[in-house]
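Peer 1:
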Amino acid sequence: MGRFRPFGKLITLERAQELVLAAAHPMEAIEHVELADAAGRVLAASVMADRDVPGFDRSAMDGYAVRAADLASATPAKPVRLALLATVHAGHVPCSAVTAGTCIQIATGAPLPEGAEAVMKVEDTAREGDAILARVTVERGKHVVPRGEDMRAGDEVLSLGMVLTPARVGVLAALGLAQAQVFRRPRVTLLPTGTEVVPPGRPLEMGQVYDSNAPALTPLVREAGAVVERTPVLDDEQEVQEEALRAAAGTSEVVVVTGGSSVGERDLLAPVMERLGSVEFHGVAIKPGKPVLFGRLDDTLVLGLPGNPTSCLLSAWLFLRPALRRMARLPPEPQRCRQAKLTAPVQSVLGRDQLMMVRLEVVDDELHATPCYRGSGAIMSMAQADGLVAFPADTGASAGDQIEVELL
């Protein structure tokens, strides 16, 4: 018969986060990806423009390419007559030059013909056979996009370490690049454990529960800039978990084990990690989330998360998400906080910081925060939460108190 192994000295939340972040080294490996897959990736090299963009003077609108000097005297009462030589469309090379007393009809985006200095809007002209009557003057360069207005050859247009937004992907495409040189994303393997845990889609038997942790963690990992794989649910058998952990460590930068991180006789992660690798800490002074384990197996980081859904997801939000963003070279997410009025009392927790999930709503122009924590095993606690409130160990709060809420 197995025995419970009590937790040792609990580590503070702040110290635990420091240790995880310190071990989360930014990725060095580089890869090339197609532009269609480049948004959200981090540039591994600066991008220099190898050409002017646009590569020619072009029309900013539909109209007529003209010489400014020809229209110096044009007025609505005394329009200037210009002979219409030709038409040039976007994507075509002008076949004629604009000379004194002439013009060329031009489409938006078309190259400005030789000799032309400006584009006159259609609205400022009248058609007269094979000529136009120009009723206003125009300045040199009017309605013309000059060569290199967007990018100049030799300029650095994107910097090393930039996150590629859709607009920045557009910059690469405008330079004719089909791929982006980016840092490789960290690889994460999820190892769900628990003999009682069943994948969604299968019928449940008495005593079994569906695995909600791995499906919830998968998008969290992807949103943090990593790629994710997950194994089938592992039974609570030491040999099975050791084999899976070794295999995952061989292909991943981070292994996340859900369940088995506490101190019960069927909680195997701590003894497995002590046998295979090293344990940095086991047990954090927070509620929920106490049974978090962090260690290393060779060069792979191993994070053990509680099996209870709320504890699991909250612990991943506190530890896994910031670590993966650092490894992926994404900037830390800014903390977004709001002041709110607490609608119900919160009891203190002896010796541990309490992380209370709250729902937010505006009542009479005042932001109210209502606790929605139903227990560490209730996934609805996180599903209904808009924010998180941290209450230091041994302190609570009363209804009506003003509190700071970190938005989730």
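Heads up: the sequence shown begins at 1129 in my numbering, then just goes up one per residue. Note that CB positions come from ideal geometry on N, CA and C, so glycine has one too.
Using 8 Å as the threshold, is the region 1305-1317 in touch with the region 1148-1164, meaning 3 or more CB pairs across them?
Peer 2: Touching, yes.
Peer 1: Under three-state DSSP, which class holds Thr1321?
Peer 2: Strand.
Peer 1: Leaving aside the five residues before and after Asp1363 along the sequence, list all residues of the same chain whose C-beta is less than 6 Å from its C-beta, in chain order.
Peer 2: Only Thr1323 meet the Cβ criterion.
Peer 1: Looking only at its chain, what residues have a beta carbon closer than 7 Å to the beta carbon of Ala1444, apart from the 5 residues adjacent to it on each side?
Peer 2: Closer than 7 Å at Cβ, skipping near neighbours: Leu1345, Leu1348, Leu1433.
Peer 1: Would you tell me roughly how many angstroms separate the C-alpha atoms of Leu1516 and Ser1340, rounded to the nearest one?
Peer 2: C-alpha separation (whole angstroms): 21 Å.
Peer 1: Nearest CA to the CA of Pro1499: which residue from Thr1471, Gln1482, Val1221?
Peer 2: Pro1499 has its Cα closest to that of Thr1471, out of Thr1471, Gln1482, Val1221.
Peer 1: Enumerate in chain order the residues of its own chain whose CB-to-CB distance from Met1129 is below 8 Å, with the five nearest sequence positions on each side excluded.
Peer 2: The pLDDT assigned to Met1129 is 38, lower than 50, so where the model puts this residue is not dependable; a value taken from the coordinates is nonetheless given after this. If we look at Met1129 and ignore the five residues flanking it on each side, its Cβ neighbours are Glu1393.
Peer 1: Are the region 1425-1432 and the region 1278-1294 in contact at 8 Å, needing three or more beta carbon pairs?
Peer 2: The region 1425-1432, when compared against the region 1278-1294, does not touch it at the 8 Å Cβ threshold.
Peer 1: Excluding the five sequence neighbours on either side, which residues of its own chain have a C-beta within less than 7 Å of the C-beta of Val1264, listed in chain order?
Peer 2: If we look at Val1264 and ignore the five residues flanking it on each side, its Cβ neighbours are Ala1202, Asp1252.
Peer 1: What are the boundary residues of the alpha helix (DSSP H) that includes Leu1478?
Peer 2: Careful: Leu1478 lies outside any alpha helix (DSSP H) and carries neither H nor E.
Peer 1: Put Ala1377 into one of helix, strand or coil per three-state DSSP.
Peer 2: Helix at Ala1377.
Peer 1: DSSP on Ala1193, reduced to helix/strand/coil?
Peer 2: If DSSP states are grouped into helix, strand and coil, Ala1193 belongs with the strands.
Peer 1: Buried or exposed: which applies to Lys1415, given that a residue is buried once 16 or more other Cβ atoms fall within 10 Å of its Cβ?
Peer 2: By the 10 Å Cβ count, Lys1415 comes out buried.
Peer 1: From what residue to what residue does the alpha helix (DSSP H) around Glu1142 run?
Peer 2: Counting along the chain, the alpha helix (DSSP H) containing Glu1142 begins and ends at 1141-1151.
Peer 1: Among Leu1199, Glu1365, Asp1190, which has the Cα closest to the Cα of Glu1267?
Peer 2: Closest by alpha carbon: Leu1199.
Peer 1: Please classify Val1297: does DSSP put it in a helix, a strand, or coil?
Peer 2: Helix, per DSSP.
Peer 1: State the Cα-Cα distance for the pair Ala1157 and Phe1311, rounded to the nearest angstrom.
Peer 2: Cα-Cα distance, rounded: 6 Å.
Peer 1: Just tell me which of Arg1358, Gly1405, Leu1147, Gly1329 has its CA closest to the CA of Ala1342.
Peer 2: Ala1342 has its Cα closest to that of Arg1358, out of Arg1358, Gly1405, Leu1147, Gly1329.
Peer 1: Ignore the nearest five residues each way along the sequence and tell me which others in Val1250's own chain have a CB closer than 7 Å to its CB.
Peer 2: Counting only Cβ-Cβ distances below 7 Å, and skipping sequence neighbours, we find Asp1190, Gly1191.
Peer 1: Taking 8 Å as the limit between beta carbons, can you name the residues of its chain near Asp1185, skipping five residues before and five after?
Peer 2: Taken in chain order, the residues that qualify are Pro1239, Leu1240, Val1272, Val1273, Pro1274, Arg1275.
Peer 1: Quick check on the burial criterion: 16 or more other C-beta atoms within 10 angstroms. Buried or exposed for Gln1366?
Peer 2: So Gln1366 counts as exposed.
Peer 1: DSSP on Leu1536, reduced to helix/strand/coil?
Peer 2: Coil, per DSSP.
Peer 1: Using the three-state DSSP reduction, which class does Leu1213 fall into: helix, strand or coil?
Peer 2: Three-state result, Leu1213: strand.
Peer 1: Going by alpha carbons, who is nearest to Ala1302 out of Asp1180, Thr1227, Glu1402?
Peer 2: Of the candidates Asp1180, Thr1227, Glu1402, the one whose C-alpha sits nearest the C-alpha of Ala1302 is Asp1180.
Peer 1: Just the C-alpha distance for Leu1396 and Val1533, rounded to the nearest angstrom, thanks.
Peer 2: Answer to the nearest angstrom: the Cα atoms are 36 Å apart.
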